[in-house]
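Everything in the sequence shown is counted per our numbering, starting at 20 for the first residue and increasing by one. So the structure is just underneath, and the comments pick up after that.
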Amino acid sequence: MADEAIVIRPAAEADEAILHELWQEFEHEVPEPAGFEPETWEDEWRDTVRQIGAGCVFLAVDAEGPVGVAKIDEPKLGATYVHLVYVRPRARRTGVAKQLLRECAAKARASGAGTISLHVLVSNTEAHAVWRRLGFESVSTFMAAPLDVLDQRLVEPEQGEYRATTHVQSDDEVSVERAVAQFLPRLESPELTTNGSWIRATDPVLGDREAHGRFARELSERLGAVTVALALEGAVVRFRLYERGRMVDEYLSVPTFYGELSKGDELALAANPTLVARLTGANRDEVRRVARTAETPADLPPAAELYDQLARMMGLNG
20 MADEAIVIRP AAEADEAILH ELWQEFEHEV PEPAGFEPET WEDEWRDTVR
70 QIGAGCVFLA VDAEGPVGVA KIDEPKLGAT YVHLVYVRPR ARRTGVAKQL
120 LRECAAKARA SGAGTISLHV LVSNTEAHAV WRRLGFESVS TFMAAPLDVL
170 DQRLVEPEQG EYRATTHVQS DDEVSVERAV AQFLPRLESP ELTTNGSWIR
220 ATDPVLGDRE AHGRFARELS ERLGAVTVAL ALEGAVVRFR LYERGRMVDE
270 YLSVPTFYGE LSKGDELALA ANPTLVARLT GANRDEVRRV ARTAETPADL
320 PPAAELYDQL ARMMGLNG
C-alpha cells in the first residue's frame, strides 16, 4: 500500500461510529493490565469530542475505508500527549502510523509544543521497540500495586539496618583517593580503608541505592578497575559487580523481595559464580554455597551475617 493511497484527515463528531469501532479494536488488542477497569466509550468519547474541537484527532482512510486513528491532547507547558495511535492489521507496516504521527507532530508544533509523550504498557514489547525507533525514551516509570499487597507491606515491621560499602580492587590508595575526591561535594565524609587487595569506600550518601550504584560504576570507569557495591538492605543483601564501568553481575538474596518479577528477571538477580570467581578471586564452589537466593529472608542466614559471608567470600574488607 503506497503512501499516496492513504488520506489523512481531521476527524469530526460525525465520525463517532468509526472512531468507536477503531477504539474497540485497540482495546481488544491491548487490554488494560490486571487490576484496572477498562474505560467506557462514554468517557472516551467525552475526551474525544474535546480533542476533535481542538483539531487533535486524525483518521487514516484508504480506498476501502478507515484504517487508522491518532489522537493527541492540546499542548500544556510545552508538551503534548499521544492518547492513541491505532492502525488496522491490513494496513500495518505500510507507513500509515508514521503518516498519522506526522500530522500529530505538525499540529503539536503549530500549537507551540516542543515535546511529545505517551504511555506504553510494559507487556507491549512490540510497541516499545517501535516507539524507541522513533526516538522516544523512558523518562518516568508508572507503577501499580494491588491494595492487598500494599496493606501487607505497610504493616510489616521495620526491615532493619542499611549498610553500603564500595570496594575497589586496587592497592593504589593514592589513585583511589584522587578518584573519590572528584565526587566531592556529592559525598559527605568518605572514608577509605584497605586490606592490601581491596580498598573500601564508605560514605553516608551511599545509603541511597541508586547513588551507591552510580558511585561504584563511576569509580570502576575512572580507574579501569573492578569494583563491588555491597549493601545490607534491611532483610536482604545485594551486590553489584562492575568491570571498567560496566555492571557485569548483580545479586539480590531474595529477588522478589521488592515486588513480583518475571522469571527471567528473577534469575538475573542470582550470582554468576564464574564471573564472581574470575573478577574477585573467590572460589566458584564457595560462591554457589554462600551467594544463594531464596523466596523469603527466613530461608537464608540473617542478612547481616550473610553480608559478612559475602564480603569474606570475595576477599573484601567488609
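Here a beta-carbon is modelled for each residue, glycine too, at the ideal position from N, C-alpha and C.
- Asp284 counts as exposed, since fewer than 16 other C-beta atoms from the protein chains shown sit within 10 angstroms of its C-beta.
- For Ala183, the enclosing beta strand (DSSP E) stretches over residues Tyr181 to Gln188.
- Judged by pairs of C-beta atoms under 8 Å, the region 74–87 does not touch the region 156–176, as fewer than three such pairs exist.
- Restricted to the region 62–117, the beta strand (DSSP E) segments that are unbroken, complete and at least 3 residues in length are 76–81, 84–91 and 98–106, listed in chain order.
- In the structure shown, Ala36 adopts helical secondary structure according to DSSP, grouped into three states.
- Note on geometry: alpha-carbon atoms of Glu122 and Phe77 lie some 7 Å from one another.
- Of Ala163, Thr67, Met162 and Lys117, the smallest CA-CA separation from Leu153 is found for Lys117.
- Of the other Cβ atoms in all chains shown, 16 or more fall within 10 Å of the Cβ of Ala127; this residue is therefore buried.
- Straight through space, the alpha carbons of Ala163 and Ala30 are spaced by roughly 34 Å.
- DSSP places Thr144 inside the alpha helix (DSSP H), whose first and last residues are Thr144 to Arg152.
- Distance between Ile71 and Glu35, taken at the CA atoms: about 11 Å.
- With a cutoff of 8 Å on beta-carbon distance, Ala330 and Thr312 are scored as not near each other.
- Between the region 140–151 and the region 292–307 there are fewer than three inter-stretch CB-CB distances shorter than 8 Å, so the stretches are not counted as touching.
- In the structure shown, the three-state DSSP call for Leu251 is strand.
- Take the alpha-carbon of Thr213 and the one of Val245: they are about 15 Å apart.
- Contact between Ile25 and Val115 holds, with the beta-carbon distance rounding to 6 Å and staying under 8 Å.
- Note: Val26 is bridge-paired with Val80 in the DSSP secondary-structure output.
- Pairing Gly87 with Leu137 gives a Cβ-Cβ distance that is not under 8 Å.
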